Amino acid sequence: MTDENNPIEQSLNDKENRRRRGPRRDGKGNNARANEQALGDKDIIRTDEATEKAGGAKLIGNRRILPFMKLELPMMAFSIILVIASIVAIAVKGLNLGLDFTGGVSAGVHYEQPVEQAQVVSALSEKGFDDAVVQYLGTRSELLIRLPPQDTKDPEGLSQELTNALNLSANPASVDNISIIGSQVGQEIYLDAILALGLALAIMMIYVSIRFQFKLALGAVIALFHDVIVVCGLFAIFGWPFDLTVLAAVLALIGYSVNDTIVVYDRIRENFRRVRGLTPYQVVDLSLTETLRRTIMTSGTVFVVVIALLFLGGESLYWFALAQFIGTIAGTYSSMYIASSIPLRLGLSREDFVVQVKPEFTEEVVVFADPEIQNAKD
């Protein structure tokens, strides 16, 4: 029996019952509590039984990890089908190239009074000038008219024909700055556009490879290729006009999509280094969960601007805004399920982001034995 009044026994009991404050090691270098202290309370990994039963979700602090990668296979299947359909549509049906690529006639028109674009298109159609593209130039009385290639090669005669066709009742028109664009020039612009897209993708791959890792760079380029093909494929499927404004939207889409992907990649790299005890798929889920708010805010603001252009920008900006609208959806989706999924399929792991110490750089203990010093000690 122990004597409660004995100070020695009481001290031993206090030490035995006292909660251990220091981390306990198991001899193998594992130190769970030390990791928790290093990560902080908000980064401590806790298992939630309800979410585990629902599909293996976990909690870090009080934040729930959304299981994005649970939908990886159906989303990838959907992307593959969409890309194949887009490639087939572009190869079989082709893009409905605008006058910027096919050549044609471009003319500036000035009306004495403001005029509606639909009135001008209808007046040209009645005189046999079909498929006209009409855009405002600053005011509603200054317009730019583009027509498909015409049989005549005389600018003066064509100018007179256009003037007669464009004259409205009580609102005469004057045509100036008429120019005939040959098909060869349009073909050069088309080839330059393809070269610009390929160069942009190559530069993006080099950039991501240098900043992050080749597995991530490959995923980013595949995601960008997916976005471009989807936008161009939908324009080919529905026969929408593809001109320089749409090409500008596609190039802008590459910049937007890679920016969103870089944000996700930066968080993935940080979480691989910072959080222990998670599988690569759970690290990706955690990273997508942490960047979800930023993605919603960024995509939301882009959608507001694009929708405003879509309904209020007029006919000249309509197809540009439509391409941006489709591309924003595709870019947000690809950053989550393509750019993040491809590296996982390539074996992305924590070792890709942690510097490993090579054996030849391991420190060795060197003992310097000087005979004179040893004799002096003796």
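The letter at position 288 of the sequence shown is residue 288 when you use UniProt numbering, and the numbering goes up by one with no holes. Glycine included, C-beta positions come from ideal geometry on N, C-alpha and C. Owing to the predicted nature of the structure, the values given are computational and were not obtained by experimental measurement.
Note the first and the last residue of the continuous beta strand (DSSP E) segment covering residue i.
i	result
Y180	Before going further, note that residue 180 is Ile rather than Tyr in the sequence given. Note, I180: beta strand (DSSP E), A173 to I181.
T102	Segment L99 to T102 is the alpha helix (DSSP H) holding T102; no beta strand (DSSP E) there.
S141	T139 to L147
Alpha carbon to alpha carbon, how far is residue i from residue j?
i	j	result
L251	A170	43 Å
I65	I326	28 Å
G197	E112	This sequence places Leu at residue 197; Gly is not what is there. Each residue's alpha carbon lies about 42 Å from the other.
G108	S86	36 Å
L162	L124	8 Å
I44	R274	Because I44 carries a pLDDT of 43, less than 50, the predicted location of this residue cannot be relied on, and the following value inherits that uncertainty. Rounded to the nearest angstrom, the two C-alpha atoms are 11 Å apart.
V105	L147	5 Å
P149	V115	25 Å
R140	H110	9 Å
G157	D151	11 Å
Q119	Y136	13 Å
V344	T301	The sequence as given places Leu at residue 344; Val does not occur at that position. Roughly 30 Å between the two C-alpha positions.
E72	L195	32 Å
I262	P74	24 Å
S341	I307	30 Å
L348	A217	12 Å
S299	T328	7 Å
What distance in whole Å lies between the Cβ atoms of residue j and residue i, which are believed to be in contact at a cut-off of 8 Å?
i	j	result
I181	L99	7 Å
G239	N96	5 Å
R269	F353	5 Å
D285	G331	About 20 Å; that fails the 8 Å criterion.
L253	Q324	7 Å
V175	L166	7 Å
E290	R267	6 Å
S179	D227	The Cβ separation is near 34 Å, so there is no contact.
A77	A223	No, A77 and A223 are not in contact; Cβ-Cβ is about 16 Å, not under 8 Å.
Quick check on residue i: does DSSP put it in helix, strand or coil?
i	result
F214	helix
V354	coil
residue 381	Any answer about residue 381 is impossible in this case: the structure gives the chain only from 1 up to 378.
L168	strand
Q324	helix
G198	helix
F303	helix
F68	helix
F242	strand
F235	helix
V313	Before going on, a small fix: residue 313 reads as Gly here, not Val. In this structure, G313 counts as coil in the three-state DSSP scheme.
L288	helix
L344	helix
D131	coil
S349	coil
D151	coil
Would you mind reading off the limits of the alpha helix (DSSP H) that contains residue i?
i	result
R276	Note, R276: premise wrong, no alpha helix (DSSP H); not H, not E.
S340	Per DSSP, S340 belongs to no alpha helix (DSSP H) and is neither H nor E.
Q119	Q117 to E126
F78	E72 to V92
Please find out if some non-hydrogen atom of the ligand GTP comes closer than 7 Å to the beta-carbon of residue i.
i	result
A200	In the structure on display, the ligand GTP does not appear, and there are no ligands present to speak of.
In this structure, what does DSSP give as the bridge partners for residue i?
i	result
S106	R146 and S179
Y136	L143
R294	DSSP output for R294 lists no bridge partner at all.
N96	P241
Y111	A173
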